[in-house]
Amino acid sequence: MATEPQNDSPVATNAVDAEVALSLRGASKSFGPVVALADGTIEVRHGEIHALVGENGAGKSTLVKILAGLYIPDAGDFRIGGQTVAFKSPADSKTAGISVIYQEPTLFPDLTVAENIFIGRQPRNRVGFIDRGEMRARARDLFTTLGVPIDPDRVAAGLSIADQQIIEIAKAISLDAKVLVMDEPTAALSGIEVERLFGVARNLRDKGAGILFISHRFEEVFALCDRITVMRDGRYIGVHTTADVTVPEIVKEMVGRELGALFPKEVAPIGATVLAVEGLTRAGVFSDITFEVRAGEIVALAGLVGAGRTEVARAIFGIDKYDAGSVTLNGRALKPHSPIAAITAGIGFVPEDRRQQGLVMELSVAKNATLTLRESLARFGLISGKRERAAATDWTARLQVKTSSQDYAVSTLSGGNQQKVVLAKWLATEPKLLIVDEPTRGIDVGTKAEVHRLLSDLAGRGIAIIMVSSELPEVLGMADRVLVMHEGRISEEFSREAATAENVMHAATAAREVA
Amino acid sequence: MTTALHFFRARGVPVAGALVALIIVTSIVNPRFLSPQSVKDLMLNATIVIILAVGQALVIITRNVDLSIGSILGLVAFGTGSLFNAFPGVPIPLVFVAGMIFGALLGAINGFLVTAAKVPALVITLGTMYIFRGVLTSWAGSKQYFSGDNPKEFGALSVDTFFGFPIITLVAIVVVAAVALYMQYMRAGRDLYAIGSAPDAAKLFGIRVTPRVLAAFIASGALTGLAGVLYTSRYNSVGALTGTGLELDVVAAVVVGGVAISGGTGTVVGAAIGAVLLSTITSSLTATRVDKFWQQAIVGVLILSAILIDRIVSLRNAKKLRVSEARDV
Amino acid sequence: MSEILSTAVVKQRSGLPKRLLGHDAIIIYTLILVIIIASFTVKFFAGPLTVGFLLIQVIPILLIAMPMALVIISEEIDLSVASIAGLTSAVMGVLWRDSGWDIGFVIVASIFVGVICGAFNGFLITVVGLPSLAVTIGTLALFRGLALVVIGDQKVANFPKELNQFVLSKIGATGIPVVMIFVVVIIAIFAIILHFTPFGRGLYALGHSKEAAAFVGIRVGVAKFWLFIGTGVVSSIVGVFLTLRLASAGPDNGTGMELSVIAAVLLGGVSIFGGRGTIPGVVGGVLLIGVLTYALRLAKVPETALIIVTGSLLVISVVAPSVTAWARERMRLARLHKEVQGSSTPGPISA
């Protein structure tokens, strides 16, 4: 199936003294008939931050898993520091000097921070016993180098994702990592935490490490990275020096076609008030949230991670409870803390975490799509399989979900198609209000545009939409009104015309001018 | 200073406290509870459960469980009796070794099935509990070996004392100390905690999960074997029904002693204290003339209380951690 | 996190292939096979008394297996079922002996015990949020202990003879016990609930992902609470049944039953990880173990061997899927290698 590819060298400029830390050429990996990677090629030099971009399904995560030793490639030339390597397990990858920081770091919650860093290779004293004092001291040194104070003796459970990533990086340094792979590291971080992470990354680069940075966020890629490799459809497409290239050029390579406006929200007639939120408060999370959403309107909730936007959305939908205030839908008070009441009243909720909350990964596409229709498909309390399948076929077709068969588990779909299934599931309930939380996170550019077009279309048909989003371009493009939240309160509201990246960002970070 | 703080926060302390309280209350009601003979009986009764609890703790810390220990104990105990019957002159140390090897083999069967089949240990050991018991019943039939059939020196292990401690109890204490040190200060021991805390992360990070879990089951089996040999020394008779229902008491002891059923936390010392607590309850009931029928029910209440406390503590910790999260950056 | 490590493309079969090749079908084929072999090789098996004896023995397991299947599909477990049966039996005995109530009253009051026990389990698991494995290990001890406290080690035996005879009576000349009608109704009810109602659909979702289920409006806690009431009530019904069948009330009626039930349920295709399984499969599993045990007993195989058989069946039923998955993966890899190497490398031809 795989043949040795005849590629041009991926080095776009003169390879001066820059030593190549990692070089992968022509890697391929298939699972049965599914070709996950056809031509994985990338070169990371010492002392550079190298971005890897591509749509979902482009093969990025397969490539990363090959680097991490989780997958054994079917073919390919893989070298670390000039030496050919063939990993058989994640341990081999670590020994060779590759460390991967995942989006959701996995630490051992019951072990201390220091032990998390040194598990499996704890320092020992002369008698052969683990030397806890030494372990603690070394951990402290690592954190000092990184410039982040974390108590080595505290148990890892309950740490923020940002802190967990720092610990993972500390682990990588202690392993003498030569290449640090960061897989979508900023997805769950607030602006300040992102800056802290970038500082650490630049620091490591200047000390000679090679960093591979995978991200969907172009602002970050262009701010942080020295070179960019583009992949599409499982293949290496090209590599560029960041300074010499622009975002549209990169996007064009990723998508293979020119893209017009990415975020087309059409003007729609705004109708009556659908949702009225009054004084919504939850101690320690958000307070005094008051706003309205009208039919045909898209209201964006912008702000930093941790500002409380998702929490407000969840409270409105009933997943979480609130301590004071009220929610009214089309004039009728909505029973708090009851998702079933919200659904019956006509609210749909596309959650932030697609895999854990939006879908049941092990169930089929059809079953997922009709999960919200359980009650309505039933006659005399009984469901017929035939009507279920008919409904599933109908809705997946309407949203153009690409799948070979409805009976495949939804885990086999790409991120974009998975999101379409989630949307199908909610649209089938014919909601009056649709809440979408980070609707295009982790989705390829092409499907992103489809989702935006769909949301715009829904608004045009009179549905009210609340959109929680951390992507400013998306917020500015799609929203009729922008509500900026900051530390649990709505700090500002902007109309479509008035909103700019600067004033939204400013409202989101208002009181953070710390010493 | 931090070490002391950690000590107080650990679960072993409340359990030890409960134990002390129980002893005090019982001896107030019945002063003879603290007589030398009574104390000796307490220690003897606790010995077997302590060793079993240590073994079970190892398994539970890795997020598994072994429900077959009762059957394993029965097999080894009966085997010990048979050995003495067939070879009356067999040296006693050899018997111990044979018993532990036998137990280790049975533990290895469990461990192999759990790691190879990737099926929850609950189900596997439920099955092997049946299978081992069936093997024992068909082997033993209605035969029983009595303590009189064993060499006198063997039975003496449970009677003679060394500085006031029965010899078999000293064995138990040594076992607890050795395993506890191993779990705190040896990399392989810490790996067990990691495996129980986040199994997927452990695999990802290169910890050799299969050999470690297998080793935990083998160690538990060997310790159960040791307990089986000691059982034959301590008790009057061994037969087809020996060890039935023990697994419940042992799991109770371990859980009460602070080892979370979901793995990753707890100490072997805590489990041992839990074992002492549980066997003291039985003696307490007799000493205070409470109906012995209450014992099962009390064991049930203890298990439920232990899990409840675990939950409350972890919820409180989570809240504390979240509050302390708020730093200015 | 484990998605990172899984590489298989998962397809759920549908339609006829699923029916003919799925786990349920395999159990049914095995059952038929065992019945055929036993009819020819075991004396008396193919006789008129078989059906009656077999069913009477299997009824308690069959009954409890129904709610247990739902509990396991929802990713929980209930180990206290046998103890609930025992407690019910003890309460029934004491009430009958000491309270002077009418037997009907006594039976209803005894079944109420199951409701209370189930609610207790349900409360600890769904409201307090404790893990069901640990809780039901605790209540297994607690309920059995309470049974001992209630009735001590005595037994109560003087139940009305008519009831004992009714429980053992058969339908005409068929040999099928009359109570089977009741059992079939219970099976039908659970089958309908699981396979044809919104609640059942919700259970499958919930068994895979509690969070995703909550997001579609499924009230996870409420659903699970009712499932534990289900196991509680059915267990106490079985407790009553056993008491009347044995004409004796005692604290150890039904000891060890939880293992047979779980073994049968898992053998019948319900996954211990939740989210999968069917009622027909479970019925098949119960009958398979029942028929096998009965046939072996009839063939004078010693009782102890039967225990080994049950244990082995349990182990095989959970190990087999892993083994077949492993074997399939090996064959697939072998096929891939063969394709990559082309015909230049002679090698074994994979099936």
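Protein chains in written order, with this note's numbering: chain A, 341 to 855; chain B, 2 to 330; chain C, 148 to 498.
Every residue gets a Cβ at the ideal spot worked out from N, C-alpha and C, and that includes glycine.
Model, not experiment: these values are computed from the prediction.
I want to see whether chain A comes within less than 8 Å of residue i, judged by CB atoms only; does it?
i                   : result
threonine 211/B     : no
valine 363/C        : yes
glycine 112/B       : no
methionine 184/B    : no
leucine 1/B         : Lying outside 2 to 330, the shown extent of chain B, residue 1/B is not represented and no answer is given.
phenylalanine 337/C : no
serine 469/C        : no
serine 159/B        : no
Return yes when the Cβ of residue j is within less than 8 Å of the Cβ of residue i, no when it is not.
i                   : j                : result
valine 385/C        : alanine 232/C    : yes
tyrosine 131/B      : isoleucine 455/C : yes
serine 383/C        : valine 205/C     : no
aspartate 516/A     : glycine 394/A    : no
leucine 138/C       : leucine 460/C    : Absent from the model: residue 138/C. The displayed extent of chain C is 148 to 498, so no value can be given.
valine 297/C        : valine 241/C     : yes
glycine 197/B       : threonine 63/B   : yes
glutamine 758/A     : arginine 694/A   : yes
threonine 710/A     : glutamate 728/A  : yes
valine 705/A        : threonine 736/A  : yes
phenylalanine 147/B : serine 72/B      : no
Does residue i come within less than 8 Å of chain C when only Cβ atoms are used?
i                   : result
phenylalanine 294/B : yes
glycine 698/A       : yes
glycine 258/B       : no
proline 413/A       : no
glycine 271/B       : no
alanine 378/A       : no
glutamate 715/A     : yes
Leaving out five residues before and five after residue i in sequence, what residues of the same chain have Cβ atoms less than 8 Å from its Cβ?
i                : result
serine 325/B     : Because the pLDDT at serine 325/B is just 43, under 50, the model does not fix this residue reliably, and the point stays unresolved.
isoleucine 219/B : Ala105, Gly108, Ala109, Gly112
isoleucine 459/A : Phe448, Leu451
So, at 6 Å on beta carbons, what are the nonlocal neighbours of residue i in its own chain, with the 5 sequence-adjacent residues on each side left out?
i                : result
isoleucine 224/C : Ser279, Leu280
arginine 836/A   : Asp820
isoleucine 272/C : Ser279, Val282
valine 136/B     : none
alanine 181/B    : Val269, Val270
threonine 129/B  : Ser69, Asn111
Nearest chain B C-beta to residue i closer than 8 Å, yes or no?
i               : result
serine 221/C    : no
threonine 446/A : yes
glutamate 455/A : yes
threonine 440/C : no
glycine 401/C   : no
For residue i, which residues from the same chain have a beta carbon less than 7 Å from its beta carbon, with the 5 sequence-adjacent residues on both sides left out?
i                : result
isoleucine 318/C : Val325
asparagine 708/A : Leu699, Val700, Val750, Val761, Lys765
arginine 419/A   : Ser363, Val425
arginine 545/A   : Gly387, Glu388, Ile389, Ile551
leucine 152/C    : No answer about leucine 152/C holds up, because its pLDDT of 31 lies below 50 and its placement is not dependable.
Practice task
May I ask you to verify whether the stretch 173–187 of chain B touches the stretch 407–427 of chain A, counting CB pairs closer than 8 Å and requiring at least 3?
Solution key: no
Exercise for the section: Pair every Cβ in the stretch 13–25 of chain B with every Cβ in the stretch 264–281 of chain B, then say whether three or more of these pairs are closer than 8 Å. Expected result: The answer is yes - the stretch 264–281 of chain B touches the stretch 13–25 of chain B, with three or more Cβ pairs under 8 Å.
Problem - Whole alpha helix (DSSP H) elements within the stretch 760–843 of chain A, 4-residue minimum - result: The qualifying runs are 785–800, 812–818.
Exercise for the section: Would you list, in sequence order, the uninterrupted alpha helix (DSSP H) runs of no fewer than 4 residues that lie entirely inside the stretch 506–539 of chain A? Expected result: none
Exercise for the section: Could you tell me whether the stretch 131–150 of chain B touches the stretch 78–85 of chain B, where touching means 3 or more Cβ pairs closer than 8 Å? Expected result: Flag = yes, the stretch 131–150 of chain B and the stretch 78–85 of chain B touch.
Practice task
State whether the stretch 639–659 of chain A contacts the stretch 686–700 of chain A, with contact taken as three or more CB pairs (one from each stretch) at a distance under 8 Å.
Solution key: yes
Practice task
Inspect the CB distances between the stretch 809–817 of chain A and the stretch 778–787 of chain A and report whether three or more fall short of 8 Å.
Solution key: yes
Practice task
Taking only runs that begin and end inside the stretch 185–227 of chain C, name each unbroken alpha helix (DSSP H) of 4 or more residues, in chain order.
Solution key: 195–220
Handout entry: Touch test, the stretch 185–204 of chain C against the stretch 345–355 of chain C, Cβ-Cβ under 8 Å, three pairs minimum
Key = Segments in contact, no.
Exercise for the section: Pair every Cβ in the stretch 668–683 of chain A with every Cβ in the stretch 612–619 of chain A, then say whether three or more of these pairs are closer than 8 Å. Expected result: When C-beta atoms of the stretch 668–683 of chain A are compared with those of the stretch 612–619 of chain A, three or more pairs fall below 8 Å, so the two segments count as touching.
Practice task
Quick one: which unbroken alpha helix (DSSP H) runs of 4-plus residues sit fully inside the stretch 568–630 of chain A? Chain order, please.
Solution key: 587–595
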